[in-house]
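S.K.: Numbering (our numbering), first residue to last: 17 to 307.
Note that the Cβ used here is the ideal one computed from N, Cα and C, for glycine as well.
Before I ask anything, here is the structure I am working with.
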Amino acid sequence: MRSRVPSHMEHGYKMKYVQSGKLDGPTIIFIHGWPDTELVWKYQLEVLEANYRCVCLMLPGYELDAAGSQLPYFGISLENIASDAADTVQNEIMVDRPKADDKPFLIAHDWGCTIGYMLTTDHPDLFKKCIMLDVAQDIGPSPLSAQLFFVAYQWTLIVIFLLPGFLGTPLAKGFAWFFGAPDVGNVRQSMQHLYFQYWKAMFTGKLHRSWVEWIPPRCPVLYMYGTNPKPRIRPASAKWYSQRWLDHLEKTPGCDSIAVPADHWFYVRAPHRDKVNSQMLQFLSSPIPES
């Protein structure tokens with residue numbers, strides 16, 4: 017169940033993270049999305065831990081312990097989540113690092129990409145390179161069928177979030193299963209608060225500028241996206257990227273986009289995850305083009 021925690025706690029929330037791998041190696045920041053936890057990076061960590069320090073941030077309400085129940089009743093704003101993520105990276109994770117590890121890499125998926133683009137907009141020099149999975153910085157104008165799909169599933173999740181806990185969590189698990197989420201067992205009602213906060217920001221005119229302006233990341237970006245969405249009711253027009261975004265990456269030195277014939281969670285699906293991991297390794301180790 018969610019608790020009616022005083023709203024001032026929103027500003028006192030402390031983002032949690034776990035780290036593993038080569039602790040004196042280059043740092044990679046991982047940010048997951050809905051409805052996942054840090055466990056979703058299992059197959060990437062198996063490959064990257066040998067040479068990289070891997071730090072997995074936990075979005076508020078998505079922690080594996082009981083912290084999710086201590087969210088403010090309506091969750092935490094995306095602005096505050098991004099601000100806390102930046103503070104955690106700059107003033108904790110990257111403090112006293114070797115000179116060769118002056119900037120971390122970023123790997124993000126779903127809502128993690130949204131937070132990531134907020135970070136690259138507000139802190140353009142925070143990351144050395146970014147690997148963004150399935151959600152682009154620019155989605156572009158969508159046809160009516162796509163708009164209706166986005167509104168329908170996101171508002172369903174908002175209703176689930178607002179229901180009493182004994183109803184919300186089972187429904188959230190069922191919805192996650194329907195969409196093919198890889199770890200339904202850890203899904204909780206609190207995870208839906210990001211959708212509530214997004215629409216709250218939209219209705220109050222407080223959308224972050226990374227959502228309404230064309231502000232591509234300044235650092236090299238590898239964008240990988242699935243081309244076989246689930247569920248089948250999702251129209252082909254409901255894409256998380258625009259052609260302008262793909263064209264930008266093609267023209268920008270050091271950037272690239274790769275289509276994967278799988279769903280939203282292509283990076284955990286066999287056999288695609290092996291190719292994805294190989295592309296990640298290649299991108300992370302490639303030299304950064306001179307500006």
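What are the partner residues of residue 134, as DSSP defines its beta bridges?
M.R.: For residue 134, DSSP records no beta bridge to any residue.
S.K.: Would you check if the region 85-101 and the region 161-173 touch, i.e. whether three or more CB-CB distances between them fall below 8 Å?
M.R.: no
S.K.: In angstroms with no decimal places, state the Cα-to-Cα distance between residue 45 and residue 165.
M.R.: Roughly 31 Å separates the two Cα atoms.
S.K.: By Cβ distance below 7 Å, which residues in the same chain neighbour residue 223 in space, the five residues on each side in sequence not counted?
M.R.: 217
S.K.: Let me check understanding here. Comparing Cα to Cα, which of 131, 60, 125 and 123 lies closest to residue 94?
M.R.: 131
S.K.: For residue 19, count neighbouring C-beta atoms within 10 Å of its own C-beta (all shown protein chains included) and say buried if the count is 16 or more, exposed if not.
M.R.: Low per-residue confidence applies at residue 19: pLDDT is 39, beneath 50, and the placement is therefore not dependable, though the value from the model is reported in the following sentence. By the 10 Å Cβ count, residue 19 comes out exposed.
S.K.: Would you call residue 4 buried or exposed, if buried means 16 or more other Cβ atoms sit within 10 Å of its Cβ?
M.R.: This structure gives no information on residue 4, because the portion of the chain shown stretches from 17 to 307.
S.K.: Decide if residue 135 is buried, meaning its Cβ has at least 16 other Cβ atoms within 10 Å, or exposed.
M.R.: Buried is the label assigned to residue 135, since at least 16 other Cβ atoms lie within 10 Å of its Cβ.
S.K.: Just mark residue 173 as buried or exposed, buried being the case when its beta carbon has 16 or more other beta carbons within 10 Å.
M.R.: buried
S.K.: Between residue 172 and the ligand PLP, is the CB less than 7 Å from at least one heavy atom?
M.R.: With respect to small molecules bound, the structure shown includes none, and the ligand PLP cannot be examined in it.
S.K.: Unbroken alpha helix (DSSP H) runs of length 4 or more, entirely within the region 99-185: which are they?
M.R.: 127-138 and 160-178
S.K.: Identify the continuous beta strand (DSSP E) that holds residue 206 and give its terminal residues.
M.R.: Here residue 206 belongs to no beta strand (DSSP E), and DSSP marks it neither H nor E.
S.K.: Quick one: is residue 294 buried, meaning 16 or more other Cβ sit within 10 Å of its Cβ, or exposed?
M.R.: exposed
S.K.: I'd like the list of long-range same chain contacts for residue 258, defined as Cβ closer than 6 Å, with 5 residues on each side in sequence excluded.
M.R.: 154, 155 and 156
S.K.: Of all the options 201, 271 and 196, which has the alpha carbon lying nearest to the alpha carbon of residue 283?
M.R.: 196
S.K.: Can at least three beta-carbon pairs, one atom from the region 231-246 and one from the region 146-153, be found at a separation below 8 Å?
M.R.: yes
S.K.: For the alpha helix (DSSP H) containing residue 59, name the first residue and the last one.
M.R.: 58-64
S.K.: Would residue 133 pass as a contact of residue 170 if the rule is Cβ separation under 8 Å?
M.R.: no
S.K.: Starting from residue 272, trace the beta strand (DSSP E) in both directions and tell me its first and last residue.
M.R.: 272-276
S.K.: Based on DSSP bridge pairs, tell me the residues matched to residue 72.
M.R.: 34 and 46
S.K.: Within the continuous alpha helix (DSSP H) that includes residue 297, where are the two ends?
M.R.: 288-301
S.K.: Rounded to whole angstroms, how far is the Cβ of residue 232 from the Cβ of residue 209, which I believe are closer than 8 Å?
M.R.: Between the beta-carbon of residue 232 and that of residue 209 there is about 28 Å, and that puts the pair past the 8 Å contact cut.
S.K.: DSSP three-state call for residue 190: helix, strand or coil?
M.R.: In the three-state DSSP reduction, residue 190 falls in the helix class (H, G or I).
S.K.: Expressed to the nearest angstrom, what Euclidean distance is found between the alpha-carbon atoms of residue 24 and residue 100?
M.R.: With a pLDDT of 39 at residue 24, under the threshold of 50, the modelled position of that residue is not reliable, and no figure is offered here.
S.K.: Based on Cα-Cα distance, which residue from 186, 167, 105 and 81 lies nearest to residue 72?
M.R.: 105
S.K.: According to DSSP, is residue 87 helix, strand or coil?
M.R.: coil
S.K.: Using a Cβ-Cβ cutoff of less than 7 Å, which residues in the same chain neighbour residue 251 once the five nearest sequence positions on both sides are dropped?
M.R.: 161, 162 and 165
S.K.: Would you call residue 177 buried or exposed, if buried means 16 or more other Cβ atoms sit within 10 Å of its Cβ?
M.R.: Only buried fits residue 177, as 16 or more other CB atoms lie within 10 angstroms of its CB.
S.K.: Just the C-alpha distance for residue 17 and residue 33, rounded to the nearest angstrom, thanks.
M.R.: Residue placement at residue 17 cannot be trusted, given a pLDDT of 37 that sits under 50; what the coordinates show is reported in the next sentence. Cα-Cα distance, rounded: 23 Å.
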